[in-house]
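Let me begin by presenting the structure, written as structure tokens, before commenting on it.
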Amino acid sequence: MKKLILFFIAFSAINLSIAQEKLTTRTGKVIFQSKTMIESFYAENNQAASILLIRKKIIAFNVLLKSFKFEKALMEDHFNEKYVNSDKYPAAKFKGVFTNEIDFKTPNIYKDIVINGNMTFHGVTKPLTVIADIRVNDDNTISFLSNFKLNLEEYNIEIPSLVKDKIAQDVAVSIETNYKKL
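Residues 169 to 350 in my numbering are what the sequence shown spells out, letter by letter.
Spelled out as structure tokens, the structure:
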């Protein structure tokens, strides 16, 4: 009986450590901004799905484009229908590997983490390197923050000549997520 109890305790401990190697969230925040001399726009999405595989040093994001909320409903419609064709290309995806060593067991702030990966947006997949800050917090959470730019032309997103001066060719993207350890 003692052996059986010890087996279950050991098995539970192994499962717990494996579970902590894979962290997920469905409440990541992604901000999409364009600023020009003529006009600026801002869109926010608080439903980004993400997975962090600690041992493999992999991080991935899946962002549904229709979940972006704009300041004006018309901007949201144009974004989904005219620019990113969200019916045809419903999500933007990123999967990358971070190159720096991170101790996910000890609270600390890791700045300028290099993540090499691939970004798929508007049906186009391109290599993308992003720089991120990762914070291992005292409360068993891990925070992730990254800011980078995407060039719309590289992802075959055409801006009509009528509004070309109103939309920046390079848009700023900010991603912020929090993962909870078990």
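Where is the CB? At the ideal position from N, CA and C, for every residue including glycine. What you are looking at is a predicted structure, and each value in this text was computed from that prediction instead of being measured.
Length of the line joining the Cα atoms of residue i and residue j
i, j, result
"residue 236", "residue 213", "4 Å"
"residue 240", "residue 250", "15 Å"
"residue 327", "residue 307", "45 Å"
"residue 197", "residue 229", "11 Å"
"residue 191", "residue 315", "21 Å"
Sheet register partners of residue i (DSSP bridge)
i, result
"residue 319", "338"
"residue 263", "228 and 286"
Nonlocal neighbours in the same chain, by C-beta distance under 7 Å from residue i, ignoring five residues either side
i, result
"residue 282", "266, 267, 268, 297 and 299"
Residue environment, residue i, which counts as buried when at least 16 other CB atoms sit within 10 Å
i, result
"residue 195", "exposed"
"residue 208", "exposed"
"residue 206", "exposed"
"residue 193", "buried"
"residue 318", "buried"
"residue 231", "buried"
"residue 242", "exposed"
"residue 348", "exposed"
Residue i vs residue j beta-carbon contact at 9 Å
i, j, result
"residue 309", "residue 218", "no"
"residue 199", "residue 210", "yes"
"residue 204", "residue 336", "yes"
"residue 295", "residue 286", "yes"
"residue 313", "residue 338", "no"
Cβ neighbours of residue i in the same chain (closer than 8 Å, five flanking residues each side left out)
i, result
"residue 253", "290"
"residue 234", "248, 254 and 258"
Own chain, CB closer than 6 Å to residue i, minus 5 neighbours either side, in chain order
i, result
"residue 277", "303"
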